[in-house]
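Participant:
Residue numbers (our numbering): 61 to 224.
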């Protein structure tokens with residue numbers, strides 16, 4: 061959610077019948093018809109291929125050689141989830157928003173409108189101070205803001221899953 065600077069719920073699709081749903085207060089593991097809820101600090105070997113570790117302010121999800129940490133932040137308001145891909149799969153077959161490689165860009169114009177060139181496409185940008193939530197203690201930094209389509213290097217709708 062752009063509104064509160066993070067996500068309120070994250071779904072991880074592992075296989076056709078295996079899913080992990082992470083909320084700010086609990087984790088649900090679905091393995092076929094079996095559904096298990098976790099709300100405390102547990103080591104959760106979910107299914108043969110996935111492990112979930114729930115801690116106070118973060119949730120580790122590991123499958124194969126991929127590891128994602130979902131940090132739970134609370135800052136004068138609702139809790140938010142912030143996913144961080146800590147280890148990419150070696151065969152580079154991950155899909156979805158977090159599997160996108162960092163954009164390689166160059167600054168091509170500064171005035172009157174700032175522009176960046178990303179994959180041979182020019183994009184209008186603005187400079188803003190933003191908070192990086194990928195750390196347990198968030199860091200404020202200067203950042204280029206552009207459209208999601210430009211940053212992701214393809215339309216955002218291609219990342220949307222309508223049904224699990």
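Glycine residues also receive a C-beta, built at the ideal position from the N, C-alpha and C atoms.
Quick test of the definition: if touching needs 3 or more C-beta pairs under 8 angstroms, does the stretch 120-140 touch the stretch 71-88?
Facilitator: They touch, by the three-pair rule.
Participant: On the DSSP letters alone, give me the boundaries of the beta strand (DSSP E) that residue 183 sits inside.
Facilitator: Run containing residue 183: 181-184, per the beta strand (DSSP E) assignment.
Participant: Where does residue 122 fall in DSSP's three states?
Facilitator: Reduced to three states, the DSSP call for residue 122 is strand.
Participant: How long is the line joining the alpha carbons of residue 126 and residue 78, rounded to whole angstroms?
Facilitator: Rounded to the nearest angstrom, the two C-alpha atoms are 16 angstroms apart.
Participant: From residue 124 to residue 109, what distance separates their C-alpha atoms?
Facilitator: Those two C-alpha atoms are separated by around 7 angstroms.
Participant: Which of helix, strand or coil does DSSP assign to residue 93?
Facilitator: DSSP places residue 93 in coil when its eight states are reduced to three.
Participant: Does the contact criterion of 3 or more C-beta pairs under 8 angstroms hold for the stretch 191-198 versus the stretch 208-218?
Facilitator: These segments do not touch.
Participant: State yes or no: is the C-beta of residue 176 within less than 8 angstroms of the C-beta of residue 188?
Facilitator: No, these two residues do not count as a Cβ contact at 8 angstroms.
Participant: Give me the residue from 90, 67, 68 with the minimum Cα distance to residue 75.
Facilitator: Ranking the options by Cα distance to residue 75, first place goes to 90.
Participant: Which two residues bound the contiguous beta strand (DSSP E) that contains residue 209?
Facilitator: No beta strand (DSSP E) holds residue 209; the alpha helix (DSSP H) holding it covers 208-212.
Participant: CB-CB under 7 angstroms to residue 129, same chain, minus the five flanking residues each way: which ones, in chain order?
Facilitator: If we look at residue 129 and ignore the five residues flanking it on each side, its Cβ neighbours are 118, 120, 144, 146.
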